[in-house]
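Notes follow once the structure below has been shown.
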Amino acid sequence: MKISLIGMSGTGKSHWAKKLEKNGFLRICCDDLIEEKLGEELKVFGYSGIKDVAKWMGQPYNKQYPITSKKYLSLEKKIMEEIINNLKNDFYKNKNIVIDTTGSVIYTGKRILQSLSELTKIIYLDVCDSLIKEMHKLYLRDPKPVIWGNIFKKKANETNKQALTNCYPKLLEYRAKKYKLFAKKTLDYFSLRKPNITSEKFLKLISKT
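Whatever position you read off the sequence shown (first residue = 1), add 1078 for our numbering.
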């Protein structure tokens, strides 16, 4: 079985990818691969880890953001193309694979996403509207590198933090529509947080049509 997990940061993609890894799946973490490719640049600042990648990228109101976000997305596209080529060339033949994508995978382009959909079963880990505020708090507390696209719009009377707070729900809404376009299965946030959900039950859930 070959699975791709998609969704916003904080929805549990890495959690379930690691659980499946313990069940014998080969886990491919796109965040780790991007960080690896940024290695030398991050070292200049003494950075390492996903939190430091977020520092390096900055927020959409930071001066470096247009450059760093563009570079990040370019690297993500290259990584996704490498993964897809390996899938096409049977590099992972006879292996169970789980691809832990970044939240920004939807910005990698239609061709990449269609190939991913053809070669793997895309599972979208959804977040209900009632959790939007909590997701925003998590983002502020534990920042991840985020591609905002054209969603971030700061009004004249807003602080940077206010603009982030007001634009974040719009980012979630925009991305949710894109995730659902390519997902073969959608799993909601609460169903995956029941205490009895094991990796075996997770696999059963995604196997249901």
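Every residue gets a Cβ at the ideal spot worked out from N, C-alpha and C, and that includes glycine.
To which residues of the same chain is residue i closer than 7 Å at the C-beta, ignoring the five residues directly before and after it?
{"i": "Gly-1136", "result": "Gln-1142, Tyr-1143, Thr-1146"}
{"i": "His-1214", "result": "Thr-1243, Tyr-1246"}
Where does residue i sit, in a helix, a strand or coil, going by DSSP?
{"i": "Tyr-1217", "result": "helix"}
{"i": "Ser-1082", "result": "strand"}
{"i": "Leu-1249", "result": "helix"}
{"i": "Asp-1130", "result": "helix"}
{"i": "Val-1224", "result": "coil"}
Would a C-beta distance cut-off of 7 Å place residue i and residue j closer than the cut-off?
{"i": "Ile-1229", "j": "Tyr-1257", "result": "no"}
{"i": "Ile-1200", "j": "Ile-1084", "result": "yes"}
{"i": "Lys-1173", "j": "Leu-1281", "result": "no"}
{"i": "Thr-1264", "j": "Tyr-1202", "result": "yes"}
For residue i, I'd like the list of residues in its chain whose CB is within less than 6 Å of its CB, leaving aside the five on either flank, ordered along the chain.
{"i": "Leu-1191", "result": "Phe-1260"}
{"i": "Leu-1197", "result": "Leu-1165"}
Just to confirm my understanding: we take residue i, look at its own chain, exclude 5 residues before and 5 after, and list those with CB closer than 8 Å. What are they?
{"i": "Lys-1156", "result": "Lys-1115"}
{"i": "Ser-1269", "result": "Ile-1275, Leu-1283"}
{"i": "Leu-1125", "result": "Contrary to the premise, residue 1125 reads as Tyr rather than Leu in this sequence. Here the set comprises Val-1131, Lys-1133, Trp-1134."}
{"i": "Leu-1153", "result": "Ile-1112, Lys-1115, Leu-1116"}
Provide the residue(s) that pair with residue i in DSSP beta bridges, ordered along the chain.
{"i": "Asp-1178", "result": "Leu-1083, Cys-1107"}
{"i": "Thr-1264", "result": "Tyr-1202"}
Could you tell me whether the region 1096-1103 touches the region 1268-1282, using the rule of 3 or more Cβ pairs below 8 Å? Contact holds between the region 1096-1103 and the region 1268-1282, because three or more Cβ pairs, one in each stretch, are under 8 Å apart.
Does the pairing of the region 1087-1097 with the region 1114-1126 give three or more beta-carbon distances under 8 Å? No: the two stretches stay apart, fewer than three of their Cβ pairs being nearer than 8 Å.
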